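Undergrad:
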Amino acid sequence: MSAPTNSYTLPSHLDGDGTRLDLQHEVFRLILDNNLLSTPTPPSFSGHVLDLGTGTGLWASEFATEHPHATVLGIDLFPPSTSPVPANCTFRALDAETAWDLPEAAFDLIHTRMFLFLLKDPRAMLQRCLAALKPGGRIECQEIQQPYQTDDADPAAQDTPVLRMARLRVEAAKNCGLDRAVAGRLAGLMDEVGFVQVEVEDKRIPVGPWMDGERMKEAGEKYRQCMRWGMVAFTKTVFMKGFGWTEERVLEACDEAVRDLGNGRVYAPLKVVVGAKAAS
56 MSAPTNSYTL PSHLDGDGTR LDLQHEVFRL ILDNNLLSTP TPPSFSGHVL DLGTGTGLWA
116 SEFATEHPHA TVLGIDLFPP STSPVPANCT FRALDAETAW DLPEAAFDLI HTRMFLFLLK
176 DPRAMLQRCL AALKPGGRIE CQEIQQPYQT DDADPAAQDT PVLRMARLRV EAAKNCGLDR
236 AVAGRLAGLM DEVGFVQVEV EDKRIPVGPW MDGERMKEAG EKYRQCMRWG MVAFTKTVFM
296 KGFGWTEERV LEACDEAVRD LGNGRVYAPL KVVVGAKAAS
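Residue numbers (the numbering used here): 56 to 335.
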């Protein structure tokens, strides 16, 4: 999600970022054992589903296809151009942070992915989500816990260009009023606003094909490609706003980090946080 008039600091599918977003979707499916959610819903599920920050709409379209009796609404700053779209899936342009107008107690399931870390007030968004859920409805948030980490204990491996860049992005975002590390606070925020049955599942997304198993190797290679395609987009706006860097300096740092992608045992910690609205 991205627009010059709000706090988002990543590009949208309209900025030519759709290919990366679709590849990122493939990565998440691999990490989730080819599922769309950490706790898959049966094909017979017939509830109303909200996909916040739908991007290219791929998650919403696939969920609608796999659950033909469900009704899926995907929202983003700009409506996606996904085609064809299942009959039970619709998209709507909406800035959920500044112009929320969704009805209360309307949804059985809310899904977000790589969305809350873009917001200045993720707690307020969770409050809106709680209000929008029906009693007994649930939410699943899939967020990377930034900065990236490494399994390598060697001090030199802790200070590679990729890891330095990741730490700097967290700092620059903080200077812009954004919390790139919000994933680690999501469970607490959900508790605060009134969700029940809050649970956290920790996963890892490798940067490069270094983890064991064909599925994780594939996920790592695809995520490395995502990072290669998105390095400048992830970095330029937030560094120029947060640090006052010139575009030339940002591009030089990005080039160094891109050359380092796939070296070592670097991974993105993934937090999958689920919660429910009390049944009564």
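All residues carry an ideal CB built from backbone N, CA and C; glycine is no exception. Everything numeric in this text was worked out from a predicted model, so none of it was measured.
Pick out the complete alpha helix (DSSP H) segments inside the region 137 to 168, 4 residues or longer, and give them in chain order.
TA: none
Undergrad: So what's G299 in DSSP terms, helix, strand or just coil?
TA: Working through the sequence shown from its first residue, we reach residue 299 at position 244. Three-state DSSP puts G299 in coil, outside helix and strand.
Undergrad: Excluding five sequence neighbours on each side, which residues of the same chain lie with their C-beta closer than 6 Å to the C-beta of A323?
TA: Translated into the one-based positions of the sequence shown, residue 323 becomes position 268. So the qualifying residues of the chain are I199, Y203 and I260.
Undergrad: State the CB to CB distance for the pair A238 and F172, rounded to an integer number of angstroms; the pair is presumed to be in contact (CB under 8 Å).
TA: As a working mapping, residue 238 is identified with position 183 in the sequence shown. As a working mapping, residue 172 is identified with position 117 in the sequence shown. Rounded, the Cβ-Cβ distance is 7 Å, consistent with contact.
Undergrad: So which of D214, D163 and D206 has the shortest CA-CA distance to K189?
TA: In the sequence shown, the residue the question calls residue 189 occupies position 134. Measuring from the Cα of K189, the nearest candidate turns out to be D163.
Undergrad: Could you pull the start and end residues of the alpha helix (DSSP H) that G243 belongs to?
TA: Numbered from its first residue, the sequence shown carries residue 243 at position 188. Its alpha helix (DSSP H) spans residues L241 to V248.
Undergrad: Within 10 Å of its beta-carbon, does R224 have 16 or more other beta-carbons around it, so buried, or fewer, so exposed?
TA: In the sequence shown, counting from the first residue as 1, residue 224 sits at position 169. The residue in question, R224, is buried, as its Cβ has 16 or more Cβ neighbours within 10 Å.
Undergrad: Identify whether V262 lies in helix, strand or coil by the three-state DSSP scheme.
TA: As a position in the sequence shown, residue 262 is number 207, starting the count at 1. V262: coil per DSSP, three-state reduction.
Undergrad: Span of the alpha helix (DSSP H) holding C184?
TA: Here residue 184 corresponds to residue number 129 of the sequence shown, with the count starting at 1. Segment P177 to A187, the alpha helix (DSSP H) holding C184.
Undergrad: Distance check for D77 and F100, CA to CA, integer angstroms please.
TA: Here residue 100 corresponds to residue number 45 of the sequence shown, with the count starting at 1. Here residue 77 corresponds to residue number 22 of the sequence shown, with the count starting at 1. Taking the straight line from one Cα to the other gives about 25 Å.
Undergrad: Extract the residue ranges of the beta strand (DSSP E) inside the region 71 to 115, only unbroken runs of 3 or more that lie entirely within it.
TA: 103 to 107
Undergrad: Whose C-alpha, out of A227, R219, N89 and M220, is nearest the C-alpha of F294?
TA: Within the sequence shown, the letter at position 239 stands for residue 294. It is A227 whose Cα lies nearest to the Cα of F294.
Undergrad: Look up S62 in the DSSP assignment and say whether it is helix, strand or coil.
TA: For this step, residue 62 is matched to residue 7 along the sequence shown. Low confidence applies to S62: its pLDDT is 44, below 50, so where it sits in the model is not reliable enough to give any reading.
Undergrad: Among R270, T120, F133 and R283, which one has its Cα closest to the Cα of L316?
TA: Counted from its first residue, the sequence shown places residue 316 at position 261. Looking at the Cα atoms, R283 is the closest of the given residues.
Undergrad: Quick one: what does DSSP say K332 is sitting in, helix, strand or coil?
TA: Position 277 of the sequence shown holds residue 332. Shown here, K332 sits in coil according to DSSP, grouped into three states, outside any helix or strand.
Undergrad: Can you list, in chain order, the residues of its chain with a C-beta nearer than 7 Å to that of T111? Leave out the 5 residues immediately preceding and following it.
TA: Within the sequence shown, the letter at position 56 stands for residue 111. Only residues of its own chain outside the window of five on either side were considered, and among them H68, G73, L76, D77, P135 and T137 have a CB closer than 7 Å to the CB of T111, listed in chain order.
Undergrad: Just confirm the distance between the C-beta atoms of R279 and V253, as a whole number of angstroms; I'd bet it's less than 8 Å.
TA: Here residue 279 refers to the residue found at position 224 of the sequence shown. Here residue 253 refers to the residue found at position 198 of the sequence shown. That belief does not hold up - the Cβ atoms of R279 and V253 are roughly 32 Å apart, past 8 Å.
Undergrad: With a Cβ-Cβ cutoff of 8 Å, do I130 and R147 count as a contact?
TA: Position 75 of the sequence shown, counting from 1, holds the residue named residue 130. Position 92 of the sequence shown, counting from 1, holds the residue named residue 147. Between I130 and R147, the gap from beta carbon to beta carbon is short of 8 Å.
Undergrad: Compare the Cα-Cα distances from K175 to each of R235, D88 and V140 and report the closest residue.
TA: Locating residue 175 in the sequence shown gives position 120, counting from the first residue. Nearest C-alpha to K175: R235.
Undergrad: Indicate whether A179 and L157 have their beta-carbon atoms separated by less than 8 Å.
TA: Position 124 of the sequence shown holds residue 179. Position 102 of the sequence shown holds residue 157. In this structure, L157 does not lie closer than 8 Å to A179 by Cβ.
Undergrad: With DSSP as the reference, label A274 as helix, strand or coil.
TA: Counted from its first residue, the sequence shown places residue 274 at position 219. Three-state result, A274: helix.
Undergrad: Leaving out five residues on either side along the sequence, give the residues of the same chain with a beta carbon under 6 Å from the beta carbon of P97.
TA: Here residue 97 is taken as the residue at index 42 of the sequence shown, counted from 1. Nothing meets the Cβ criterion.
Undergrad: Would you call the CB atoms of L87 and L105 closer than 8 Å?
TA: Counting from one through the sequence shown, the residue named residue 87 turns up at place 32. Counting from one through the sequence shown, the residue named residue 105 turns up at place 50. No. Outside cutoff.
Undergrad: Do the CB positions of A308 and G191 come within less than 8 Å of each other?
TA: Sequence index remark: in the sequence shown, residue 308 carries index 253 (1-based). Sequence index remark: in the sequence shown, residue 191 carries index 136 (1-based). For A308 and G191, no; Cβs fall outside 8 Å.
Undergrad: Return helix, strand or coil for L128, following the three-state DSSP convention.
TA: Translated into the one-based positions of the sequence shown, residue 128 becomes position 73. Reduced to three states, the DSSP call for L128 is strand.
Undergrad: So what does DSSP say about D214, is it helix, strand or coil?
TA: As a first step, residue 214 must be located in the sequence shown, where it is residue number 159. Correct three-state label for D214: helix.
Undergrad: Tell me whether S116 is buried or exposed, calling it buried when 16 or more other Cβ atoms sit within 10 Å of its Cβ.
TA: For the purposes of this step, residue 116 is taken as residue 61 along the sequence shown, with counting starting at 1. It is buried - the Cβ of S116 has at least 16 other Cβ atoms within 10 Å.
Undergrad: Check whether the Cβ atoms of V328 and C196 sit closer than 8 Å, and answer yes or no.
TA: If you number the sequence shown from 1, residue 328 lands on position 273. If you number the sequence shown from 1, residue 196 lands on position 141. Yes.
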